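Student: Attaching a single structure in structure tokens format; questions to follow.
Following this line, the structure appears as structure tokens:
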């Protein structure tokens, strides 16, 4: 299939990717995703199938910004959260392809959406076998030789263009005409994308660090919750402070810990996706530069052949055809890349606005949830303590203060002294006491204490 042999059948509509399903056990286990197209065709696809599609689109549609795929991770690290993030990333990749005017027309994309797993495997094997057979043919040898010459020509052009010490002599050709193709608008675009990439990489690093700090703070809140639970259990065992007060505080801490744990995670993940997207744009710019260096190499070779062998020589004629092909390819890819960058700028603004809005909405939901929990906890904490705890809190700390008001048996200081004297006067010489007097005192004290409790 040629590079520009694209199927003209448009594929409008949304594409969805279902949750990951595990197949097999042990080291041979893998996950598959159910991909549903607009025609309600459901197929099972592995992550490697998405990689194959991405690779084929990159080869077939040179110069286009191919949407990035989620990062590949070792199997032992594939937890539920990671699998869900990957599923969302794969779905986002397919939807961007569907919404692209050119990528959605690719034959490979049609096969990806419609072929069964067996048919797709056969298609991969056939393409690989065709490449292996072509590698041994004479045409392939000639093509590889031409590719090597093109590679050396492009490499030489890069070295000459970046030769700040003038090691390769003048950057102009033998006739004094420069072979360098300059475009001020493209240079401006390249600087913009390069600067944006550096800024997004810095934002990615800071967002990840902030997310990790939030998770550490959430973990510290969990430790605090655990310790407060221990204190609440001890209070409950000894019938001390009601546990409802602890529950009110724990509800606030638990809500805040849960919010901090997830507050910046989605933001950091979205920034990672944007960073990979910008890498795809830079790859498209690199493709354009590759075509430019090839065009410059063909231009230099053609000028050299014309100056040496003459314009009508076979070598000059062959190089003239190569020059025309290289020029057409460069102009086509250049126009394509410039359109893609313009498209990227608009889509990037939409994505960033969506990201900021989602973050603001998350903060609003968290604030409302926390406000509701705080209001409920405040109502519980405003409930009065049990009477016995209030009485215990008001108990004087010294005996002097105790007698200044009322002792623990409800007796005034003078009454206590008189009672003591009365008790002493009833003692017999043998040390016996008047039982009736002691009984009266006990009854009087108990009556006063119960009255105090009722007053409390």
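Numbering (the working numbering), first residue to last: 82 to 537. In this text, a Cβ means the ideal position worked out from N, Cα and C, and glycines have one as well. Bear in mind that the values here come from a model prediction, so they are computed numbers and not experimental data.
(1) Grouping DSSP H, G and I as helix and E and B as strand, with all else coil, what is residue 405?
(2) Please report how far the alpha carbon of residue 457 lies from the alpha carbon of residue 317, in whole angstroms.
(3) Do you know offhand how far residue 209's Cα is from residue 139's?
(4) Would you mind stating whether residue 148 and residue 185 have Cβ atoms separated by less than 8 Å?
(5) For a test of the three-state rule: what should DSSP assign to residue 128, helix, strand or coil?
(6) Taking contact to mean 3 or more Cβ pairs, one atom from each stretch, closer than 8 Å, check whether the segment 372–379 and the segment 344–351 are in contact.
(7) Rounded to the nearest angstrom, what separates residue 313 and residue 339 at their Cα positions?
(8) For residue 153, which of helix, strand or coil comes out of DSSP?
(9) Any idea if residue 95 is buried or exposed, counting beta-carbon neighbours within 10 angstroms, 16 or more meaning buried?
(10) Given this structure, state the Cα-to-Cα distance separating residue 117 from residue 169, to the nearest angstrom.
(11) Would residue 194 and residue 113 qualify as a contact pair, given that the criterion is a beta-carbon distance under 8 Å?
(12) If you count every other CB in all the chains shown that lies within 10 Å of the CB of residue 293, and 16 or more means buried, which is it?
(13) Express the C-alpha separation of residue 103 and residue 408 in angstroms, rounding to a whole number.
(14) For residue 236, which of 401, 373, 295, 438 has the nearest alpha-carbon?
(15) To the nearest angstrom, how far is the alpha carbon of residue 331 from that of residue 322?
(16) Between which two residues does the beta strand (DSSP E) carrying residue 102 extend?
(17) Identify whether residue 261 lies in helix, strand or coil by the three-state DSSP scheme.
(18) Closest to residue 192 by CA distance: which of 167, 126, 142, 153 is it?
(19) Mark residue 109 as exposed unless 16 or more other C-beta atoms lie within 10 angstroms of its C-beta, in which case mark it buried.
(20) Check for me: the beta strand (DSSP E) holding residue 111 runs from which residue to which?
(21) Under the rule that 16 or more other beta-carbon atoms within 10 Å means buried, what is residue 142, buried or exposed?
(22) Excluding sequence positions up to five away, which residues of its chain have a Cβ less than 8 Å from the Cβ of residue 413?
(23) Does DSSP classify residue 455 as helix, strand or coil?
(24) Between residue 100 and the rest of its own chain, which residues show a CB-CB distance below 7 Å, the 5 nearest in sequence each way excluded?
(25) What is the rounded straight-line gap between the Cα of residue 461 and the Cα of residue 119?
(26) Taking the C-alpha atoms as reference points, what is the distance between residue 529 and residue 475?
(27) What is the DSSP secondary structure of residue 423, counted as helix, strand or coil?
(28) Residue 97 by DSSP, collapsed to three states: which one?
(29) Using the beta-carbon count (16 or more within 10 Å), is residue 161 buried or exposed?
(30) Could you tell me the alpha carbon to alpha carbon distance between residue 164 and residue 282, rounded to whole angstroms?
(31) At which residues does the alpha helix (DSSP H) containing residue 336 begin and terminate?
(32) Could you give the distance in angstroms between the alpha-carbon of residue 352 and the alpha-carbon of residue 329?
(33) Do you know offhand how far residue 97's Cα is from residue 150's?
(34) In angstroms, rounded to a whole number, what distance separates the CA positions of residue 430 and residue 417?
(35) Hey, how far is the Cα of residue 386 from the Cα of residue 111?
(36) Could you round the C-beta distance between residue 421 and residue 179 to whole angstroms and report it? I think they count as a contact, below 8 Å.
Tutor: Let me lay it out:
(1) As a first step, residue 405 must be located in the chain shown, where it is residue number 324. In this structure, residue 405 counts as helix in the three-state DSSP scheme.
(2) Your numbering for residue 457 matches position 376 in the chain shown. Your numbering for residue 317 matches position 236 in the chain shown. Each residue's Cα considered, the two are about 22 Å apart.
(3) Along the chain shown, one-based indexing puts residue 209 at 128. Along the chain shown, one-based indexing puts residue 139 at 58. Straight-line Cα distance between these residues: approximately 16 Å.
(4) Here residue 148 refers to the residue found at position 67 when the chain shown is read from its first residue. Here residue 185 refers to the residue found at position 104 when the chain shown is read from its first residue. For residue 148 and residue 185, no; Cβs fall outside 8 Å.
(5) For the purposes of this step, residue 128 is taken as residue 47 along the chain shown, with counting starting at 1. Secondary structure of residue 128 (DSSP, three-state): helix.
(6) no
(7) In the chain shown, counting from the first residue as 1, residue 313 sits at position 232. In the chain shown, counting from the first residue as 1, residue 339 sits at position 258. Taking the straight line from one Cα to the other gives about 21 Å.
(8) Counting from 1 along the chain shown, the entry for residue 153 is found at position 72. In the structure shown, residue 153 sits in coil (DSSP, three-state: anything other than H, G, I, E or B).
(9) Start at 1 with the first residue of the chain shown, and residue 95 comes out as number 14. It counts as exposed.
(10) The residue given as residue 117 occupies position 36 in the chain shown. The residue given as residue 169 occupies position 88 in the chain shown. Distance between the alpha carbons of residue 117 and residue 169: 14 Å.
(11) Position 113 of the chain shown, counted from the start, is the residue given in the question as residue 194. Position 32 of the chain shown, counted from the start, is the residue given in the question as residue 113. Against a cut-off of 8 Å, the Cβ pair of residue 113 and residue 194 comes out as no contact.
(12) Here residue 293 is taken as the residue at index 212 of the chain shown, counted from 1. That one is exposed.
(13) Translated into the one-based positions of the chain shown, residue 408 becomes position 327. Translated into the one-based positions of the chain shown, residue 103 becomes position 22. Between residue 408 and residue 103, the C-alpha separation is close to 50 Å.
(14) Here residue 236 is taken as the residue at index 155 of the chain shown, counted from 1. When each option's Cα is compared against that of residue 236, the closest is 373.
(15) The residue you call residue 331 lines up with position 250 of the chain shown. The residue you call residue 322 lines up with position 241 of the chain shown. If I take the Cα positions, the gap works out to 15 Å.
(16) Position 21 of the chain shown, counted from the first residue, corresponds to residue 102. That run of the beta strand (DSSP E) goes 102–104.
(17) Mapped onto the chain shown, residue 261 falls at position 180. Residue state, collapsed to three classes: coil.
(18) In the chain shown, the residue the question calls residue 192 occupies position 111. The shortest C-alpha separation from residue 192 is found at 126.
(19) Stepping through the chain shown from its first residue, residue 109 is reached at position 28. With fewer than 16 other CB atoms across the displayed protein chains lying within 10 angstroms of its CB, residue 109 is exposed.
(20) The residue given as residue 111 occupies position 30 in the chain shown. Element bounds for residue 111: 111–117.
(21) Here the question's residue 142 lines up with position 61 in the chain shown. So residue 142 counts as buried.
(22) Taking the first residue of the chain shown as position 1, residue 413 is located at position 332. The residues are 144.
(23) For the purposes of this step, residue 455 is identified with residue 374 of the chain shown, where counting begins at 1. Looking at residue 455 - three-state DSSP - the assignment turns out to be helix.
(24) Taking the chain shown and counting its residues from 1, the one referred to as residue 100 is at position 19. Hits under 7 Å: 168.
(25) The residue you call residue 461 lines up with position 380 of the chain shown. The residue you call residue 119 lines up with position 38 of the chain shown. In this structure, the straight-line span from the alpha carbon of residue 461 to that of residue 119 is close to 53 Å.
(26) Residue 529 sits at position 448 when you count from the first residue of the chain shown. Residue 475 sits at position 394 when you count from the first residue of the chain shown. Low local confidence applies: a pLDDT of 43 at residue 529 is under 50, so the model's placement there is unreliable, and no value is given.
(27) Taking the first residue of the chain shown as 1, we reach residue 423 at position 342. If DSSP states are grouped into helix, strand and coil, residue 423 belongs with the helices.
(28) In the chain shown, residue 97 corresponds to position 16, counting from 1. In this structure, residue 97 counts as strand in the three-state DSSP scheme.
(29) In the chain shown, the residue the question calls residue 161 occupies position 80. The residue is exposed, with fewer than 16 neighbouring Cβ atoms inside 10 Å.
(30) Position 83 of the chain shown, counted from the start, is the residue given in the question as residue 164. Position 201 of the chain shown, counted from the start, is the residue given in the question as residue 282. If I take the Cα positions, the gap works out to 24 Å.
(31) Taking the chain shown and counting its residues from 1, one reaches residue 336 at position 255. First-last of the alpha helix (DSSP H) with residue 336: 324–344.
(32) The residue given as residue 352 occupies position 271 in the chain shown. The residue given as residue 329 occupies position 248 in the chain shown. Going from the Cα of residue 352 to the Cα of residue 329 covers about 36 Å.
(33) Here residue 97 is taken as the residue at index 16 of the chain shown, counted from 1. Here residue 150 is taken as the residue at index 69 of the chain shown, counted from 1. Answer to the nearest angstrom: the Cα atoms are 15 Å apart.
(34) Mapped onto the chain shown, residue 430 falls at position 349. Mapped onto the chain shown, residue 417 falls at position 336. If I take the Cα positions, the gap works out to 20 Å.
(35) For the purposes of this step, residue 386 is taken as the residue at position 305 of the chain shown. For the purposes of this step, residue 111 is taken as the residue at position 30 of the chain shown. Each residue's alpha carbon lies about 57 Å from the other.
(36) Here residue 421 refers to the residue found at position 340 when the chain shown is read from its first residue. Here residue 179 refers to the residue found at position 98 when the chain shown is read from its first residue. With 8 Å as the limit, residue 421 and residue 179 do not qualify as a contact, their Cβ atoms being about 17 Å apart.
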